[in-house]
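A quick write-up on the structure given underneath.
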């Protein structure tokens, strides 16, 4: 499905990613974990066309998307739920959700998809006409994920979905991610909560200083002495 092959990404003269290889297969949840500044968000930005790789290739379902526009990448079936939610604060919940269904395929199924979003997040149905900027942090994250679903993605990329949420909501967000995956959407997950992310992942990659340092199944990485010491404090 997604194949990232040897990409280098720079900000000016500074290398953020160096020779990174990852892949996501249909139906998988794949986590990328690492410390702040390791290059995790840059990786998602490269896949979604926000940041161009200087070298290497990115393909999705066999199509080279290394130089494709962000709009084209979304149309092909990749959605990106960014860190910090990035909602339109003065627009309503409904308007924010509808922004996710801008392409013909998604527009045709907008009502059906929105009904599915409300199954995941019943609270949003109660907040449809409320401005997104007035919602709680947890509700805003629900809108961000819902907006990503509205484009009917085959692959959903989530950047720090539990960031800033109350502990009681963290488990709920991860359960929703699991449910979305069970409905057939592959997930590429960036998350500081290493235990939660690897616990629901088929596979994981450890990104350190812009390079892949370790890879394995979720269970293997949770059992790794390096992961336990560096990221779990055990």
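In my numbering, the protein residues as written are -14 to 219. Heads up, the beta-carbon is just placed ideally off N, CA and C, and yes, glycines get one too.
* Asked: On the three-state DSSP scale, how would you describe residue 16?
  -> Secondary structure at residue 16: strand, using DSSP grouped into helix, strand and coil.
**Report entry** Neighbourhood of residue 98 by C-beta, 8 Å cutoff - its chain only, sequence neighbours within 5 removed
**Finding:** 86, 91, 134, 135 and 137
Does the segment -6 to 8 touch the segment 48 to 55, meaning 3 or more C-beta pairs lie closer than 8 Å?
Because the criterion of three Cβ pairs below 8 Å is not met, the segment 48 to 55 and the segment -6 to 8 do not touch.
- In whole angstroms, what is the alpha-carbon distance linking residue 78 and residue 19? In a straight line, the C-alpha of residue 78 is about 32 Å away from that of residue 19.
Unbroken alpha helix (DSSP H) runs of length 4 or more, entirely within the segment 90 to 122: which are they?
95 to 105 and 107 to 111
key: CB contact below 8 Å: residue 58 versus chain D   = Among the chains of the structure shown, chain D does not appear; only one protein chain is present.
(Q) Once the 5 residues before and after residue 88 are set aside, which same chain residues still bring their CB inside 6 Å of it? (A) 60
**Prompt:** Exposed or buried, what is residue 117 when buried is set at 16 or more other beta-carbons lying within 10 Å of its beta-carbon?
**Reply:** buried
With a threshold of 8 Å on Cβ separation, who are the neighbours of residue 114 within its own chain once the five nearest residues in sequence on each side are excluded?
77, 78 and 79
Close Cβ partners of residue 82 (< 8 Å) along its chain, the five nearest in sequence each way excluded = Hits under 8 Å: 99, 102, 109, 128, 131, 132 and 135.
Requested in this report: In the DSSP assignment, find the unbroken alpha helix (DSSP H) run with residue 72 in it and report its ends.
Outcome: Counting along the chain, residue 72 falls outside any alpha helix (DSSP H), and DSSP gives it neither H nor E.
In this structure, how does DSSP classify residue 149 when only helix, strand and coil are distinguished? It is coil, neither helix nor strand.
Just mark residue 151 as buried or exposed, buried being the case when its beta carbon has 16 or more other beta carbons within 10 Å.
-> Flag for residue 151 reads exposed.
Original post:
Whose CA, out of 217, 143 and 17, lies closest to the CA of residue 63?
Top reply: 143
Taking only the alpha-carbon atoms, compute the straight-line gap between residue 202 and residue 31 and give it to the nearest angstrom.
-> Pairing residue 202 with residue 31, the inter-Cα distance amounts to about 24 Å.
query: How many Å lie between residue 197 and residue 7 at the Cα?
result: Approximately 8 Å, taken between the alpha carbons.
Assuming residue 161 and residue 172 make a contact with CB atoms under 8 Å, what is their CB distance in whole Å? The Cβ separation is near 11 Å, so there is no contact.
Query raised in the report: Does DSSP put residue 22 in a helix, in a strand, or in coil?
Result: coil
- Message: Between which residues of its own chain and residue 181 is the CB-CB distance below 6 Å, once the five residues before and five after are set aside?
- Response: 159
- Query: Buried or exposed: which applies to residue 93, given that a residue is buried once 16 or more other Cβ atoms fall within 10 Å of its Cβ?
  - Reply: exposed
Check: Whose CA, out of 56, -13, 205 and 12, lies closest to the CA of residue 28?
Finding: -13
Do residue 140 and residue 9 have their C-beta atoms within less than 8 Å of each other? yes
| query | In three-state DSSP terms, what is residue 35? | reply | Three-state result, residue 35: coil.
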